[in-house]
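Visitor: Residue numbers (the UniProt record's numbering): 1 to 599. Pasting a structure here, questions to come.
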């Protein structure tokens, strides 16, 4: 298999989808997006509402811009990038009244049958949550570009893309109804369907009989045959978890950039941004497959299996749920587990990842302060807005939820005596709420799903581990499947100060450490250690013992001061998972239920 630069050849774009029966022949709401000068980073948009078709009975139409986008729980105020919004009356362009931060009101004339508005959107933030346009490509996250009308949220909407003359391809999971024209059955589907425009490569494969595409933007040195094969293998393994695929097509949009920034799930697609050089190393390549695995499993977990609060969406306000630990954290758990099951990660490497993640969570003081449920609820004000004290006061619902994936999976396996595992919880939720009731689940229904599958009440473990901050009994759970749980740091007396420093300034102070207790602050500029200039924490602790006192001279708010800080003992753990010898038949059976293999 030959490695080559992806810019060296061109594939013909095959746009996703075939026009489906039941789609509106003439949607009530139509969008037209142009980009005549992409180097200026402006999309030009025209939105038209067919008033007579909509049976409109108000004297005005309110056009709104979403304040956030699903999957990224932060109010981002996309309306700040809208400019020059106008409408036509009597053949002339006239301004529109803006009635709040994200709503523009257009007053109608008597008998008016159609209303159109035009506006510009500045798009120069290349992330999976925002939109971007330059002379190499355009990326549209519809929540940040297209206005909507609340009253028409359940109506079909069309999008016509007019690419710049230098752009040859359009990739989106929306159904194509005409050249460069696509349609969504409602607002939720429209907002959940990103669009890539440019000269990207397009790769194709099938999972079962379901067509999948990869829209590949940017240069990268990669063995494409191996890459497509590995992505396909991951997708096939992910589909086995639930046993039923929810799509008739799927699209990966991959941006190969200088620096990667993660991914965002969508109803029939995902956008992932990765470092273009990551394909060239084993760890980097594995990280890319792991990211795609996480986002692909979101097809089930959160896009279909979802808390009741997460759809239909309120795009102007926060949508609160206690269950992001499940929606995001357990997706991270399955992202790694899927690769282990498919053989793309060794069992030893997978178990090391589990131990490392538990180590990270238990070494975070905030995990003893904030529960997984509270971290989920507060995502809107905490997760995307971390500060210097976040590690002391909060925990990530991603990492804590992933740890709970391990813990609750082992708990189910133990309680059911190997008859069930976590897969069965997701199958239960998928069938009972997504398929049968076509809605999300409540907090009580989620707990009940775990109880039903385990054959034992989950109330206690939920109160302790989901709504509380009790440390799980990792050793007992892992013993059931034949593994030993040890702390490599146990018994060690390691000198520890508990702060981090960058360019001579303290950037974090760990709660409970001697530096925290004796008054070092984030932002302190470290000048001297005893009588010597400060060089590094490592040099500072060289030849020091627990109990020694160090005099730190710092500059704070322009003034110098000296603090006496005793050297503490590190309380940080380093957990390990190792297989026991001479496994019992029960341990072998339960391990098979967990990992699908004995070794």
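Ideal Cβ placement from N, Cα and C applies to all residues, glycine included.
1) Excluding the 5 residues flanking residue 22 on each side, which residues of the same chain have their C-beta closer than 7 Å to its C-beta?
2) Counting only runs of 4+ residues fully inside the segment 179-222, write out the alpha helix (DSSP H) ranges in chain order.
3) With 16 as the cutoff for other CB atoms within 10 Å, does residue 58 come out buried or exposed?
4) Considering only residues of the same chain and omitting the five flanking positions on each side of residue 609, which have a CB-CB separation below 7 Å?
5) I think residue 483 touches residue 579, with their Cβ atoms under 8 Å apart; what is that distance to the nearest whole Å?
6) With a threshold of 16 other CB atoms inside 10 Å of the CB of residue 83, please say whether the residue is buried or exposed.
7) Runs of 4 residues minimum, wholly inside the UniProt domain "PDZ" (480-558): which ones carry the alpha helix (DSSP H) assignment?
8) Of all the options 313, 347, 35, 253, which has the alpha carbon lying nearest to the alpha carbon of residue 615?
9) Along the chain, where does the beta strand (DSSP E) containing residue 275 start, and where does it finish?
10) Ordered along the chain, which non-local residues of its own chain (more than five positions away) have a Cβ less than 6 Å from that of residue 562?
11) CB residue 200 to CB residue 38, shorter than 8 Å?
12) Who does residue 171 pair with in a DSSP beta bridge?
13) Put residue 599 into one of helix, strand or coil per three-state DSSP.
14) Between the alpha carbons of residue 24 and residue 63, how many angstroms are there, rounded?
15) What residue range does the beta strand (DSSP E) around residue 116 cover?
16) Among residues of its own chain, excluding the 5 on either side of residue 522, which ones have a beta-carbon nearer than 7 Å to its beta-carbon?
17) What three-state label does DSSP hand residue 312 in the structure shown?
18) Using 10 angstroms around the beta-carbon of residue 488, count the other beta-carbons present and answer buried if the total reaches 16, otherwise exposed.
19) Could you check the C-alpha separation between residue 479 and residue 409 for me, to the nearest Å?
20) Please report the distance separating the alpha-carbon of residue 181 from that of residue 158.
21) At the level of alpha carbons, what is the spacing between residue 625 and residue 309?
22) Residue 154: which of 592, 138, 183, 173 sits nearest, CA to CA?
23) Can you tell me whether residue 124 is buried or exposed? The criterion is at least 16 other CB atoms within 10 Å of its CB, across all chains shown.
24) Just checking, does the segment 405-422 make contact with the segment 430-444 on the three C-beta pairs under 8 Å criterion?
25) Please name the residue in 546, 532, 99, 577 whose C-alpha comes closest to that of residue 566.
26) Looking only at its own chain, which residues have a Cβ that is under 8 Å from the Cβ of residue 514, when we skip the five neighbours before and after it?
27) Within a Cβ cutoff of 8 Å, which residues of the same chain sit near residue 385, ignoring the five residues on either side of it in sequence?
28) Pick from 119, 120, 134: whose alpha carbon is nearest that of residue 126?
29) Under 6 Å Cβ to Cβ from residue 330, same chain only, skipping five residues before and after it: list those, please.
30) State the DSSP-derived secondary structure class of residue 98, mapped to helix, strand or coil.
31) I'd like to know whether the C-beta atoms of residue 415 and residue 353 end up nearer to each other than 8 Å.
32) Touching or not, the segment 342-352 and the segment 438-448, by the rule of three or more beta carbon pairs under 8 Å?
33) Where does residue 290 fall in DSSP's three states?
34) For residue 161, report the span of its beta strand (DSSP E) as first-last.
Guide: With the given structure in hand:
1) Here residue 22 refers to the residue found at position 22 of the chain shown. Because the pLDDT of residue 22 is 41, which lies under 50, any placement of that residue in the model is unreliable, and the number read from its coordinates should be weighed accordingly. Excluding positions up to five away in sequence, the list is empty.
2) 187-191
3) Position 58 of the chain shown, counted from the start, is the residue given in the question as residue 58. Looking at its Cβ environment, which holds fewer than 16 other Cβ atoms inside 10 Å, residue 58 is exposed.
4) Given that the chain is displayed from residue 1 to residue 599, the structure contains no residue 609 and the question cannot be resolved.
5) The residue labelled residue 483 in the question sits at position 483 within the chain shown. The residue labelled residue 579 in the question sits at position 579 within the chain shown. At roughly 6 Å, the Cβ-Cβ gap stays under 8 Å, so residue 483 and residue 579 are in contact.
6) Along the chain shown, read from residue 1 onward, the residue named residue 83 stands at position 83. So residue 83 counts as exposed.
7) 514-517, 537-541
8) The question about residue 615 has no answer here: the residues shown for the chain are numbered 1 through 599.
9) Translated into positions along the chain shown, residue 275 becomes position 275. Element bounds for residue 275: 269-275.
10) Walking along the chain shown from the start, residue 562 turns up at place 562. The answer, listed in chain order, is 551, 553.
11) In the chain shown, the residue the question calls residue 200 occupies position 200. In the chain shown, the residue the question calls residue 38 occupies position 38. Not a contact, by the Cβ cut-off of 8 Å.
12) Taking the first residue of the chain shown as position 1, residue 171 is located at position 171. In the DSSP output, where bridge partners are listed per residue, residue 171 has 196.
13) For the purposes of this step, residue 599 is taken as the residue at position 599 of the chain shown. Three-state result, residue 599: coil.
14) Walking along the chain shown from the start, residue 24 turns up at place 24. Walking along the chain shown from the start, residue 63 turns up at place 63. Because the pLDDT of residue 24 is 48, which lies under 50, any placement of that residue in the model is unreliable, and the number read from its coordinates should be weighed accordingly. So the alpha carbons of these two residues sit roughly 21 Å apart.
15) Mapped onto the chain shown, residue 116 falls at position 116. Residue 116 -> beta strand (DSSP E) spans 114-122.
16) What you label residue 522 is simply residue 522 of the chain shown in a count that begins at 1. Around residue 522: 388, 506, 507, 508, 509.
17) Position 312 of the chain shown holds residue 312. Residue state, collapsed to three classes: coil.
18) For the purposes of this step, residue 488 is taken as the residue at position 488 of the chain shown. Exposed, because fewer than 16 other Cβ atoms sit within 10 Å of the Cβ of residue 488.
19) The residue given as residue 479 occupies position 479 in the chain shown. The residue given as residue 409 occupies position 409 in the chain shown. Going from the Cα of residue 479 to the Cα of residue 409 covers about 14 Å.
20) By one-based count along the chain shown, residue 181 stands at place 181. By one-based count along the chain shown, residue 158 stands at place 158. Taking the straight line joining both Cα atoms gives about 7 Å.
21) The structure shown does not extend to residue 625, since the chain is modelled only from 1 through 599, so no value can be given for it.
22) Here residue 154 refers to the residue found at position 154 of the chain shown. Comparing Cα-Cα distances from residue 154 to each of 592, 138, 183, 173, the minimum goes to 183.
23) The residue you call residue 124 lines up with position 124 of the chain shown. It is exposed - the Cβ of residue 124 has fewer than 16 other Cβ atoms within 10 Å.
24) no
25) The residue labelled residue 566 in the question sits at position 566 within the chain shown. The residue with the shortest Cα to Cα distance from residue 566 is 546.
26) In the chain shown, counting from the first residue as 1, residue 514 sits at position 514. Closer than 8 Å at the Cβ level, and outside the excluded window around residue 514, lie 496, 497, 498, 565, 566, 567, 568.
27) Indexing the chain shown from 1 puts residue 385 at position 385. For residue 385, where only same-chain residues beyond five positions count, the Cβ hits under 8 Å are 74.
28) By one-based count along the chain shown, residue 126 stands at place 126. For the residues 119, 120, 134, the minimum Cα distance to residue 126 belongs to 134.
29) Walking along the chain shown from the start, residue 330 turns up at place 330. Hits under 6 Å: 401, 405.
30) As a first step, residue 98 is located in the chain shown; it is residue number 98 there, counting from the start. Strand, per DSSP.
31) For this step, residue 415 is matched to residue 415 along the chain shown. For this step, residue 353 is matched to residue 353 along the chain shown. Contact flag unset, no.
32) no
33) Counting from one through the chain shown, the residue named residue 290 turns up at place 290. Here residue 290 sits in helix by DSSP.
34) Here residue 161 refers to the residue found at position 161 of the chain shown. Per DSSP, residue 161 belongs to the beta strand (DSSP E) from 157-162.
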